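The C-terminal residue of the sequence shown carries number 466 in UniProt numbering, and the numbering is unbroken.
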Amino acid sequence: MLESLEKWTSSALSSPNTKTALVAVAASVSTAAVILGYQGTQRKKRIQQFKDDVRKSAPPPSLDASIVSLSDSASYGPGLNRSAVAFDEELIQEQLSRNIAFLGEEGVQKLRNSFVIVVGAGGVGSWAANMLIRSGVGKIRLIDFDQVTLSSLNRHATAVQADVGTPKVIAMKKAFRNIAPWVEVDARVELFQEDSAEELLSGNPDYVVDAIDNINTKIALLKYCYDHKIPCMSSMGAGAKADPSRVQISDISETFEDPLARAVRRRLKKLGVESGVTVAYSTEKPHHVKLLPLDESQAQEADEYSALPDFRARILPVLGPLPAIFGMAMATYIVCKLGNWPMDPLPTKLRDGLYTRLHRELYTREKKLDPSVDTIALDRRDVGYVLEEVYRSRSAISQSMDKLGLCRWKVSEPLTLQNVVVLTKSELDKHTKLPADADLVEIYGQKVVDYVESRFKEEEQLSRLR
Numbered sequence: 001m002l003e004s005l006e007k008w009t010s011s012a013l014s015s016p017n018t019k020t021a022l023v024a025v026a027a028s029v030s031t032a033a034v035i036l037g038y039q040g041t042q043r044k045k046r047i048q049q050f051k052d053d054v055r056k057s058a059p060p061p062s063l064d065a066s067i068v069s070l071s072d073s074a075s076y077g078p079g080l081n082r083s084a085v086a087f088d089e090e091l092i093q094e095q096l097s098r099n100i101a102f103l104g105e106e107g108v109q110k111l112r113n114s115f116v117i118v119v120g121a122g123g124v125g126s127w128a129a130n131m132l133i134r135s136g137v138g139k140i141r142l143i144d145f146d147q148v149t150l151s152s153l154n155r156h157a158t159a160v161q162a163d164v165g166t167p168k169v170i171a172m173k174k175a176f177r178n179i180a181p182w183v184e185v186d187a188r189v190e191l192f193q194e195d196s197a198e199e200l201l202s203g204n205p206d207y208v209v210d211a212i213d214n215i216n217t218k219i220a221l222l223k224y225c226y227d228h229k230i231p232c233m234s235s236m237g238a239g240a241k242a243d244p245s246r247v248q249i250s251d252i253s254e255t256f257e258d259p260l261a262r263a264v265r266r267r268l269k270k271l272g273v274e275s276g277v278t279v280a281y282s283t284e285k286p287h288h289v290k291l292l293p294l295d296e297s298q299a300q301e302a303d304e305y306s307a308l309p310d311f312r313a314r315i316l317p318v319l320g321p322l323p324a325i326f327g328m329a330m331a332t333y334i335v336c337k338l339g340n341w342p343m344d345p346l347p348t349k350l351r352d353g354l355y356t357r358l359h360r361e362l363y364t365r366e367k368k369l370d371p372s373v374d375t376i377a378l379d380r381r382d383v384g385y386v387l388e389e390v391y392r393s394r395s396a397i398s399q400s401m402d403k404l405g406l407c408r409w410k411v412s413e414p415l416t417l418q419n420v421v422v423l424t425k426s427e428l429d430k431h432t433k434l435p436a437d438a439d440l441v442e443i444y445g446q447k448v449v450d451y452v453e454s455r456f457k458e459e460e461q462l463s464r465l466r
């Protein structure tokens, strides 16, 4: 059998057709090797060119941003501050290839033609800006008056120890030159204020990112964008939060769990803005953390320890990844919007029908106490907030979750967030019939009264978080 196999092999190799086939295979292999070798050489050349371009685009060592006045953005010079670097289009396409595969060439081109302004360059704003330029946004303006500190390195997207003392926006500008040199970055070392809004938000931006942690400045920015029909996305409170699964994106009108969102919503409502502002927020309540304290000597000169007199001297502790999640969620949302990528966000899990009914029932109870009442101090969202967040959807007396309602805790005092309680229907019937001077400790016991007082205390603390 072996002898037969050898004869067949010898015969096959001596065949002209076989020889022709082998020559063709060898030629194909040689051609493929040449092509692959050429492609590899070209790729190495492009990579080397990329490195050379990045090296050339880096600002000269003599431009030390840390010695420049915080109020003098112009001293950086228009060349350092705004200009993009000429770059090989083929390399840009390769760097953005994953986004092109996802959004399509047309979608990425829209991103490259877009202009986004990021106000606030801290833990949230730096990550939002970082992912926007990595995703293809062609022009970005960074606005922040603050400097990099050691304590901010746990959450900042680009800052390193060498940047401490440098304005945050300049540190980001330097980093972005090494990430996407072709992006035009306009770094403004300035405090956003209402009287400077027109100039700072000039240029017809496609989107504005609000990453400000001062409520007065935040309100001014959101109101300006609303009045001038500039698309804007706002970050609510990321401080003192730890649960990434609770981060959501919705309209400001559909938020009530976050204390900052509640304060912003109420302030905007007074200014005539009830909806139309997209926000990133967390439904998590910061139950177990406190403001970072100042020692006795610092407390006497509190203004010396805040960036500006109107900004907080005491601050919330921040778990680094949470602001990053906020910033990246906002960047993702904006990238999809600018790139025309269809999104189908889940509706916010609110029980509007229940809150409306409970609010109506609460109004009826208040009307019985004072027939002249036309409106009550709590709106529908406040009712939802008290039910879900303050009392965890349980009766303050029995901890039951069955057939709940709201009423005043102390009948002699006005209805407020500090004087409202959740009870079952049967408990409500009994409680609302108590005399105004009833001794609640004698009726319910010290344990129940202490629990209700603890709910009021927690709500007061949460309301102060900004």
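Every residue gets a Cβ at the ideal spot worked out from N, C-alpha and C, and that includes glycine. This one's a predicted model, so the numbers in the text were calculated from it and none came from an experiment.
I'd like the list of long-range same chain contacts for residue 100, defined as Cβ closer than 6 Å, with 5 residues on each side in sequence excluded. Closer than 6 Å at Cβ, skipping near neighbours: 108.
Please list the terminal residues of the continuous alpha helix (DSSP H) segment that includes residue 474. Past the boundaries of the shown model lies residue 474; the chain is included only from 1 to 466, so the question cannot be answered.
Can you check which of these residues, 179, 413 and 265, is closest to residue 92 by C-alpha distance? Residue nearest to residue 92 within the set 179, 413 and 265 is 179 (criterion: CA-CA distance).
By a C-beta neighbour count over all protein chains shown, 10 Å radius and 16 as the cutoff for buried, is residue 431 buried or exposed? Per the 10 Å Cβ criterion, buried.
Are the Cβ atoms of residue 135 and residue 280 separated by less than 8 Å? The beta carbons of residue 135 and residue 280 sit no closer together than 8 Å.
Consult DSSP for residue 143 and reduce its assignment to one of helix, strand or coil. DSSP, read as helix, strand or coil, puts residue 143 in strand.
Beta strand (DSSP E) segment containing residue 187, residue limits: Residue 187: member of the beta strand (DSSP E) spanning 184-188, first to last residue.
Run through the DSSP bridge pairs and tell me what residue 235 is partnered with. Answer is 280.
Within its chain, find whatever has a CB closer than 6 Å to the CB of residue 141; leave out the 5 residues flanking it on each side and keep chain order. Excluding residues within five positions, the ones whose Cβ falls inside 6 Å are 117 and 186.
Could you pull the DSSP bridge partners for residue 207 from this structure? When DSSP reads this structure, residue 207 sits in a beta bridge with 116.
Top-ranked residue by Cα proximity to residue 422, from 441, 443 and 383: Cα-wise, what sits closest to residue 422 is 383.
Only counting the same chain, and skipping five residues up and downstream in sequence, which positions put a Cβ closer than 6 Å to that of residue 131? 328 and 331, listed in sequence order.
Enumerate, from N- to C-terminal direction, the unbroken beta strand (DSSP E) stretches of 3 or more residues contained entirely within the segment 359-425. Runs found: 404-408 and 420-424.
Nearest-angstrom beta carbon gap, residue 169 and residue 188 [assumed within contact, 8 Å]: Right, the Cβ-Cβ distance comes to about 6 Å (below 8 Å), so this counts as a contact.
Please state whether the Cβ-Cβ distance between residue 211 and residue 119 is less than 8 Å. Judged by their CB atoms, residue 211 and residue 119 are nearer to each other than the 8 Å cut-off.
My output table needs one value for residue 321: the three-state DSSP class, helix, strand or coil. Shown here, residue 321 sits in a helix according to DSSP, grouped into three states.
May I ask you to report which of helix, strand or coil DSSP gives residue 258? In the three-state DSSP reduction, residue 258 falls in the coil class, being neither helix nor strand.
With 16 as the cutoff for other CB atoms within 10 Å, does residue 219 come out buried or exposed? Here residue 219 is buried, its C-beta having at least 16 other C-beta atoms within 10 Å.
Tell me residue 472's beta-bridge partners as DSSP assigns them. No statement about residue 472 is possible, as the shown extent of the chain runs from 1 to 466 and does not include it.
I need the straight-line Cα distance from residue 429 to residue 446, nearest angstrom please. Their Cα atoms are separated by approximately 21 Å.
According to DSSP, is residue 193 helix, strand or coil? In this structure, DSSP gives residue 193 a state outside helix and strand, which the three-state scheme calls coil.
Using beta-carbon positions only, say whether residue 341 and residue 111 come within less than 8 Å of one another. Contact: no.
Alpha carbon to alpha carbon, what distance is there between residue 190 and residue 73? Reliability fails at residue 73, whose pLDDT of 45 lies under 50, so the model's placement of it is uncertain and the value that follows must be treated cautiously. Each residue's Cα considered, the two are about 7 Å apart.
What separation, rounded to the nearest whole angstrom, lies between the Cα atoms of residue 59 and residue 418? Bear in mind that a pLDDT of 44 at residue 59, under 50, signals an unreliable position, so the number given afterwards is only what the model happens to contain. Here the alpha carbons of residue 418 and residue 59 stand approximately 56 Å from one another.
Measure the alpha-carbon distance for residue 273 versus residue 438 and round it to whole angstroms. When rounded, the distance between both Cα atoms is 42 Å.
Among 320, 177, 221 and 234, which one has its Cα closest to the Cα of residue 151? Selected option, being the one with the closest Cα: 320.
Find the nearest neighbour of residue 323 within the set 392, 197 and 234, judged by alpha-carbon distance. Checked all of 392, 197 and 234; the closest Cα to residue 323 is 234.
Range of the contiguous beta strand (DSSP E) that encloses residue 250: For residue 250, the enclosing beta strand (DSSP E) starts and ends at 247-251.
Taking 8 Å as the cut-off, decide whether the C-beta atoms of residue 251 and residue 278 are in contact. Judged by their CB atoms, residue 251 and residue 278 are nearer to each other than the 8 Å cut-off.
What is the rounded straight-line gap between the Cα of residue 80 and the Cα of residue 164? Model confidence at residue 80 stands at a pLDDT of 45, short of 50, so the residue's coordinates are unreliable; what they give is reported in the following sentence. Roughly 19 Å between the two C-alpha positions.
In the DSSP assignment, find the alpha helix (DSSP H) that holds residue 432 and state where it starts and stops. Neither: residue 432 is in no alpha helix (DSSP H) and is coded neither H nor E.
Three Cβ pairs or more, each shorter than 8 Å: is that satisfied between the segment 385-404 and the segment 365-372? Verdict: no, contact absent.
How long is the line joining the alpha carbons of residue 196 and residue 400, rounded to whole angstroms? In this structure, the CA atom of residue 196 is about 53 Å from the CA atom of residue 400.
Per DSSP, what kind of secondary structure is residue 244 in: helix, strand or coil? Per DSSP, reduced to three states, the secondary structure at residue 244 is helical.
Cβ shell of residue 458 (< 6 Å), same chain only, five flanking positions each side left out: Here the set comprises nothing.
Quick one: measure Cβ to Cβ for residue 237 and residue 318, integer angstroms, because I've assumed they're closer than 8 Å. Beta-carbon to beta-carbon, residue 237 and residue 318 are separated by about 10 Å, too far to satisfy the 8 Å threshold.
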